[in-house]
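Here the structure comes first, spelled out in structure tokens, and everything after it is commentary.
Numbering (the numbering used here), first residue to last: 41 to 764.
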């Protein structure tokens, strides 16, 4: 409570005040006077003509003149006796230990000593007396809390430290939650995405196994692969790259700055994508023969293969519409902190396609018995495969709607595009379009060369060495990238975008360094595993496709080490996208595509037809190795000359040093088992198991000796979770 004002109380200056029960000027040594019980005297009028009616003010009392500017609730007064005794009148004042601030009207008194040393009037105890200030009684200003961030839920899983009880509840706070570090939070956020990606990739492999079991891995499968690849290429060229790279930061900013939480902006974007892709899909279906000719002149030169490829393309090209809808809805959910849907819904697509090719096998028989090709396949068979492929993407896109409803987003068509930020995003997407164009141009060159080499090699008795083998090996090779790197960076990218928007280059650098080092723990061993165990992997997975499985294994080995620069490139380019810089990734991709196309053409003309695609696979990784060197220097300059390069390089060097002996031992073990048991299902499975155990054991021993901190942290986290 507030202590009332008493003008005659002792002031703590060395002499007691006159007792109200005695005559003025009669001291009572060693005793604090009690208030006089005489009601007839007015304590505020006595000694009115004294030269100092208030004496030296006791800060434990209430002064109606000076106290109006002093809030004792925020700054409790010190106990009597804490001020120094007054010196001689003309003596030089001593330097105060607690200097006042001339900019503040009411000076804050120095902090009081610990313990109940204050003597308060009316018998109040210093440890139990509560001083309530004017601002608390009138405005409760002392209890005002900072305005909460309405978009804190976007980054709740990425907070560096938990909220303290004082932040959550000013009066009575619950017990503080267990603190978690940034790495643990990001790993937790990535767990759901990684699980969905793993299941999606597993079902994706089952899908490729079903396709290979139904139509083989030769030239007939090449016609289906080209038709099925066309919609992805065109979609990415038209808008897919912009959606993935440009519109995530734009959606995050709209959610943060717009009054409706970015809902209107997201609906405008969804409407734009729907209208654009509907028009592009219609044109592409009509121009399907032109696209097939562009993708593979070799297939276009064979009338039977051309007819089948065009029929497949007209069923597959509409999938680009549903592909775009799925991606934009997934990015809306990602911007709202919902990462799981985009990773799990592709599982439904894979299940539908697996059922489709299973039905084909049930109706027409497997490839080993039917030997189906472009000349013997029936129109009903082509229609079954085409409609099943289209149905899979349709189900995948529509499955996003329940997730949107759960997130509170209501999709609506909005055509008021002008003046709402879509123009800025379109200007940014311009360079992303050129980026994708350069990338797809390189892929077109590889497709043309691979189908040509595969057709020649199959006539020489080497199936599986064409575009289908290239695609199947690429799909298996990209699996660690999709599970580890993409999952980690999907969780980190919104925070990188926020840091870049705030101009915090150090935070961007730290997050990119974290993404590189964390993903490297899995990416580097997987790259060496593909190099050492590529053949038993392929022969086990594609055993039902005949002798072409071993050739797919050779292509996978050639891809192998290129996984390291491929993963680094993905992480580094996220830094440019966070700054809304799409021009630099375009120039970088031109370099990658040019190197890939040039080395692929060299492999086609120099190597035999059987090994031409193997050389093209090696060219893929070489192109990304060159691109990483260029992108790294540019991003380091963008971030002020520091990209934590020494720390990152030390991590990759130690991981590589641990993987080299591990890969050598694993390759020798797998080769020995294959020579003993053969390359069938049993031999391939045993060789893969023996080689995998050898690689893991040698790698962990070497990594422990090298003290790779990122690996030790991951192993410790896994042990902690298993120990629960």
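The beta-carbon is built from N, C-alpha and C at its ideal position, and this holds for glycine as well.
Because the structure is a prediction, the values reported are computed rather than measured.
Practice item. Would you check if there are 3 or more beta carbon pairs closer than 8 Å linking the segment 559-570 to the segment 512-527? Key: yes
Exercise for review: Rounded to whole angstroms, what's the CA-CA distance from residue 477 to residue 723? Just pull it up for me.
Suggested key: 43 Å
Check your understanding: Can you check whether the CB of residue 489 is closer than 8 Å to the CB of residue 346?
Key -> no
Review point. Quick one: any contact between the segment 245-255 and the segment 385-393, if contact means 3 or more CB pairs under 8 Å?
Key: yes
Check your understanding: Is residue 498 buried or exposed, if buried means 16 or more other CB atoms sit within 10 Å of its CB?
Key -> buried
**Study point:** Residue nearest to residue 479 in terms of C-alpha spacing, selected from 625, 424 and 238
**Key:** 625
Review point. Taking C-alpha atoms, which residue in 685, 339, 294 and 358 lies nearest to residue 325?
Key: 358
Check your understanding: Cα separation between residue 697 and residue 527?
Key -> 26 Å
Check your understanding: Helix, strand or coil for residue 345 per DSSP?
Key -> helix
Review point. Does the separation of the CB atoms of residue 702 and residue 735 fall below 8 Å?
Key: yes
**Study point:** Neighbourhood of residue 504 by C-beta distance below 6 Å, restricted to the same chain and skipping five residues each side
**Key:** 257, 588, 591 and 592
**Study point:** Helix, strand or coil at residue 620 [DSSP, three-state]
**Key:** coil
Check your understanding: Mind checking whether residue 582 and residue 678 have CB atoms under 8 Å apart?
Key -> no
**Study point:** For residue 492 and residue 540, the rounded distance between their alpha carbons
**Key:** 46 Å
Check your understanding: Residue range of the alpha helix (DSSP H) that residue 273 falls in?
Key -> 259-275
Check your understanding: What is the DSSP secondary structure of residue 410, counted as helix, strand or coil?
Key -> helix
Point to revise | Residues near residue 381 by beta carbon distance below 7 Å, same chain, minus five either side | key: 370, 373, 440 and 443
**Study point:** Span of the alpha helix (DSSP H) around residue 724
**Key:** 721-746
Practice item. Label residue 576 either buried or exposed according to how many other C-beta atoms from any shown protein chain fall within 10 Å of its C-beta, with 16 as the threshold for buried. Key: buried
Check your understanding: When the Cα atoms are used, what is the spatial distance from residue 277 to residue 629?
Key -> 13 Å
Check your understanding: Hey, does residue 722 have any beta-carbon neighbour from chain B nearer than 8 Å?
Key -> Checking the listed chains, one finds no chain B in this structure; it contains a single protein chain.
Check your understanding: In terms of residues, what are the limits of the alpha helix (DSSP H) holding residue 504?
Key -> First-last for residue 504: undefined, no H or E at that position.
Practice item. Under 6 Å Cβ to Cβ from residue 241, same chain only, skipping five residues before and after it: list those, please. Key: 519
Exercise for review: Sort 708, 738 and 661 by Cα distance to residue 767 and report the nearest one.
Suggested key: As shown, the chain starts at 41 and ends at 764. That puts residue 767 outside it, with no answer to give.
Exercise for review: Just confirm the distance between the C-beta atoms of residue 644 and residue 652, as a whole number of angstroms; I'd bet it's less than 8 Å.
Suggested key: 5 Å
Practice item. Run the proximity test for residue 341: is its beta-carbon closer than 7 Å to any non-hydrogen atom belonging to the ligand ZN? Key: Absence of the ligand ZN is noted for the structure shown, with no ligands found whatsoever.
Practice item. Throw me the rounded Cβ distance for the residue 601 and residue 556 pair, which I believe falls under 8 Å. Key: About 17 Å; that fails the 8 Å criterion.
Practice item. Compute the Euclidean distance between the alpha carbons of residue 430 and residue 403, then round it to the nearest angstrom. Key: 20 Å
Review point. In or out: residue 712 buried (at least 16 other Cβ within 10 Å) or exposed?
Key: exposed
Practice item. Give a yes or no on whether the C-beta atoms belonging to residue 266 and residue 349 are separated by under 8 Å. Key: yes
Check your understanding: With distances taken between CB atoms, is the gap from residue 259 to residue 506 smaller than 8 Å?
Key -> yes
Practice item. Compare the beta carbon distance of residue 253 and residue 406 with 8 Å and say whether it is the shorter of the two. Key: yes
Point to revise | Cβ shell of residue 318 (< 7 Å), same chain only, five flanking positions each side left out | key: 361
Practice item. Tell me whether residue 683 sits in a helix, a strand or coil according to DSSP, three-state version. Key: coil
Check your understanding: Rounded to the nearest angstrom, how far is the Cβ of residue 706 from that of residue 732, given a contact under 8 Å?
Key -> 7 Å
Review point. Based on Cα-Cα distance, which residue from 743, 671, 455 and 647 lies nearest to residue 305?
Key: 455
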